[in-house]
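Data block below; observations after.
Number of protein chains: 2
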Amino acid sequence: MRRLGVLLSGRGSNLRAISDHIASGSLDAEIAVVISNRPDAPGLTLAAERGYPVMAIPSKGMEREAYDRLLAEELNRRGVELVILAGYMRLLSGWFIRQFPMRILNIHPSLLPAFPGLDAQHQAWEHGVKVAGCTVHFVDEGLDSGPIVMQSVVPVLDGDTAESLAERILREEHGTYSEAIGLVLSGRFRLDGRRVIGRET
Amino acid sequence: MRRLGVLLSGRGSNLRAISDHIASGSLDAEIAVVISNRPDAPGLTLAAERGYPVMAIPSKGMEREAYDRLLAEELNRRGVELVILAGYMRLLSGWFIRQFPMRILNIHPSLLPAFPGLDAQHQAWEHGVKVAGCTVHFVDEGLDSGPIVMQSVVPVLDGDTAESLAERILREEHGTYSEAIGLVLSGRFRLDGRRVIGRET
Numbered sequence: 001m002r003r004l005g006v007l008l009s010g011r012g013s014n015l016r017a018i019s020d021h022i023a024s025g026s027l028d029a030e031i032a033v034v035i036s037n038r039p040d041a042p043g044l045t046l047a048a049e050r051g052y053p054v055m056a057i058p059s060k061g062m063e064r065e066a067y068d069r070l071l072a073e074e075l076n077r078r079g080v081e082l083v084i085l086a087g088y089m090r091l092l093s094g095w096f097i098r099q100f101p102m103r104i105l106n107i108h109p110s111l112l113p114a115f116p117g118l119d120a121q122h123q124a125w126e127h128g129v130k131v132a133g134c135t136v137h138f139v140d141e142g143l144d145s146g147p148i149v150m151q152s153v154v155p156v157l158d159g160d161t162a163e164s165l166a167e168r169i170l171r172e173e174h175g176t177y178s179e180a181i182g183l184v185l186s187g188r189f190r191l192d193g194r195r196v197i198g199r200e201t
Numbered sequence: 001m002r003r004l005g006v007l008l009s010g011r012g013s014n015l016r017a018i019s020d021h022i023a024s025g026s027l028d029a030e031i032a033v034v035i036s037n038r039p040d041a042p043g044l045t046l047a048a049e050r051g052y053p054v055m056a057i058p059s060k061g062m063e064r065e066a067y068d069r070l071l072a073e074e075l076n077r078r079g080v081e082l083v084i085l086a087g088y089m090r091l092l093s094g095w096f097i098r099q100f101p102m103r104i105l106n107i108h109p110s111l112l113p114a115f116p117g118l119d120a121q122h123q124a125w126e127h128g129v130k131v132a133g134c135t136v137h138f139v140d141e142g143l144d145s146g147p148i149v150m151q152s153v154v155p156v157l158d159g160d161t162a163e164s165l166a167e168r169i170l171r172e173e174h175g176t177y178s179e180a181i182g183l184v185l186s187g188r189f190r191l192d193g194r195r196v197i198g199r200e201t
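In the order they appear, the protein sequences are chains A and B.
Counting with this note's numbering, you get residues 1 to 201 for the letters of the first sequence.
Counting with this note's numbering, you get residues 1 to 201 for the letters of the second sequence.
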């Protein structure tokens, strides 16, 4: 399993990092398609520059499941095995999630289960935690609630603003996401309850 | 400010660590009294062995605030400046907490705000987080919700049981608590909202 379908809505900084890791040989994967719900997402331009098949499917005004059926059709047509959410700012329907069981990954800028939802970095900063970080998890039908594949920690510094903290977390995301994708593609893990446990090759 | 009043209900492993740090000179403080709500708590024996004033005030059957008035009276009589919860398995009344504003510390075996309440280590293990840890926080009237002074991280390993994880967290608590107590006693911090921010001497 190595064919990735990347969904994004923004600048695609995680797409860039994944692409770099593939180019350097540290991630054995192939980006089969990059899809955005926003036709003007800078991440689409980046994807095209790097030679990946790109597609914009505008979501505005569309019913969620009808939209997700278009999305799934396109992903399946491209032979996508693992769906990578990379700043995809739209909730997926239960229907979509059931089409790709344990085959959708997301990265969230907090140490889940703390600070799910929007503006996680600001939530964490305001709460006054001393450690923050990011979480790669399988997507299930809850909010940022699926089984956790990997987490990385960054310190919160006395002089931090919410913005400087968000920057530090984002830099950490870039390595963590590729490492977690590599683990999932390798299949070297098992689920025990909701715990994702690595196993020897 | 350096006089500590330690409240405990169990074996007192954090009391032991604090006592060791004071003895080695790495924590400049004095244990003015150790109080337990359980007369048979092994931590009381430990405290007596180390020469601290000890007191058992059995809580069984007593109304919460009436009990806490006895507690506050004893702490004040001993000139306690900072109250240290060290495995104290009884909720403090709002009345008590208001008597010692920003002068009660607790250590909790998770990276709060994740996993408040009982059995935090088991909650974390079962949830499948990849990083766990401990949190020293001021006690307010919520459940494990006061401003955070310090947090330390420990990894969760693939082979962990809830018990081996709890052991690793406890070892981390011992250093973290004394360090946090030292910071609070020094007064070298300020509050911004609920963020505890260190400041230069």
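Virtual Cβ for every residue (Gly too), placed ideally from N, Cα, C.
Quick one: Cα of residue i to Cα of residue j, how far?
{"i": "A:Ile22", "j": "A:Ile197", "result": "24 Å"}
{"i": "A:Glu230", "j": "A:His122", "result": "Limits of chain A in this structure are 1 at one end and 201 at the other, which puts residue 230 of chain A out of reach."}
{"i": "B:Leu44", "j": "B:Asp20", "result": "16 Å"}
{"i": "A:Met62", "j": "B:Asp158", "result": "43 Å"}
{"i": "A:Asp144", "j": "A:Ala114", "result": "10 Å"}
{"i": "A:Val34", "j": "A:Val83", "result": "10 Å"}
{"i": "B:Pro58", "j": "B:Arg64", "result": "12 Å"}
{"i": "A:Ala47", "j": "A:Gly146", "result": "27 Å"}
{"i": "A:Gly187", "j": "B:Tyr88", "result": "44 Å"}
{"i": "A:Leu209", "j": "A:Ala120", "result": "A query on residue 209 of chain A cannot be resolved here, the shown segment of chain A reaching from 1 to 201 and no further."}
{"i": "B:Arg69", "j": "B:Cys134", "result": "30 Å"}
{"i": "A:Glu126", "j": "B:Leu191", "result": "12 Å"}
{"i": "A:Ala56", "j": "A:Arg38", "result": "6 Å"}
{"i": "A:Pro116", "j": "A:Ala124", "result": "10 Å"}
{"i": "A:Leu118", "j": "A:Leu91", "result": "12 Å"}
{"i": "A:Asp28", "j": "B:Ile148", "result": "41 Å"}
{"i": "A:Met150", "j": "A:His174", "result": "12 Å"}
{"i": "A:Pro53", "j": "B:Phe189", "result": "53 Å"}
In chain B, what lies closer than 9 Å to residue i by C-beta?
{"i": "A:His122", "result": "The premise fails here: A:His122 is roughly 12 Å from chain B at the closest Cβ pair, so nothing lies under 9 Å."}
{"i": "A:Glu126", "result": "Gly193, Arg194 and Arg195"}
State the DSSP-derived secondary structure class of residue i, mapped to helix, strand or coil.
{"i": "A:Asn232", "result": "Not covered by the structure: residue 232 of chain A. The range shown for chain A is 1 to 201."}
{"i": "B:Pro42", "result": "helix"}
{"i": "A:Phe100", "result": "coil"}
{"i": "B:Val6", "result": "strand"}
{"i": "A:Ala132", "result": "strand"}
{"i": "A:Asp192", "result": "strand"}
{"i": "B:Glu126", "result": "helix"}
{"i": "B:Leu165", "result": "helix"}
{"i": "B:Ile31", "result": "strand"}
{"i": "B:Ser13", "result": "helix"}
{"i": "B:Gly182", "result": "helix"}
{"i": "B:Gly198", "result": "strand"}
{"i": "A:Ser26", "result": "coil"}
{"i": "B:Ser93", "result": "coil"}
{"i": "B:Ala48", "result": "helix"}
{"i": "A:Ala114", "result": "coil"}
Can you tell me the Cβ-Cβ gap for residue i and residue j, rounded? I've got them flagged as a contact below 8 Å.
{"i": "B:Ser26", "j": "B:Ser9", "result": "No, B:Ser26 and B:Ser9 are not in contact; Cβ-Cβ is about 26 Å, not under 8 Å."}
{"i": "B:Val154", "j": "B:Ala180", "result": "Not really, about 16 Å apart at Cβ, beyond 8 Å."}
{"i": "A:Ile104", "j": "A:Glu141", "result": "That pair is no contact at about 11 Å."}
{"i": "B:Arg3", "j": "B:Ala32", "result": "4 Å"}
{"i": "B:Pro42", "j": "B:Arg11", "result": "5 Å"}
{"i": "A:Val136", "j": "A:Thr176", "result": "6 Å"}
{"i": "B:Gly128", "j": "A:Arg199", "result": "Between A:Arg199 and B:Gly128 the Cβ distance is about 15 Å, and since that is not below 8 Å, they are no contact."}
{"i": "B:Ser13", "j": "B:Leu185", "result": "With a Cβ gap of about 21 Å, B:Ser13 and B:Leu185 do not count as contacting."}
{"i": "A:Ala17", "j": "A:Ser178", "result": "6 Å"}
{"i": "B:Leu85", "j": "B:Leu183", "result": "With a Cβ gap of about 17 Å, B:Leu85 and B:Leu183 do not count as contacting."}
Along chain B, in chain order, which residues have C-beta atoms closer than 7 Å to that of residue i?
{"i": "A:Lys130", "result": "Ile148, Met150 and Gln151"}
{"i": "A:Asp158", "result": "Ile197 and Gly198"}
{"i": "A:Pro113", "result": "Ala114 and His127"}
Run the CB neighbour count on residue i, radius 10 Å, all protein chains shown included, and call it buried at 16 or more, exposed below.
{"i": "B:Asn106", "result": "buried"}
{"i": "B:Trp95", "result": "exposed"}
{"i": "A:Lys60", "result": "exposed"}
{"i": "A:Met1", "result": "exposed"}
{"i": "A:Leu111", "result": "buried"}
{"i": "A:Pro101", "result": "exposed"}
{"i": "B:Asp160", "result": "buried"}
{"i": "B:His93", "result": "The sequence shown places Ser at residue 93 of chain B, rather than the His named in the question. That one is buried."}
{"i": "B:Pro109", "result": "buried"}
{"i": "B:Leu75", "result": "buried"}
{"i": "A:Ala66", "result": "exposed"}
{"i": "A:Ser152", "result": "buried"}
{"i": "B:Glu172", "result": "buried"}
{"i": "A:Leu165", "result": "buried"}
{"i": "A:Gly5", "result": "buried"}
Is residue i near the ligand SAM, with its Cβ less than 7 Å from a heavy atom?
{"i": "A:Ile181", "result": "Absence of the ligand SAM is noted for the structure shown, with no ligands found whatsoever."}
Could you name the residues of chain A that residue i contacts, counting a contact when the two beta carbons are closer than 7 Å?
{"i": "B:Leu143", "result": "Result: empty, since nearest Cβ-Cβ is about 15 Å, beyond 7 Å."}
Any beta-carbon of chain D closer than 8 Å to the one on residue i?
{"i": "A:Ser152", "result": "Absent here is chain D; the protein component of the structure consists of chains A and B."}
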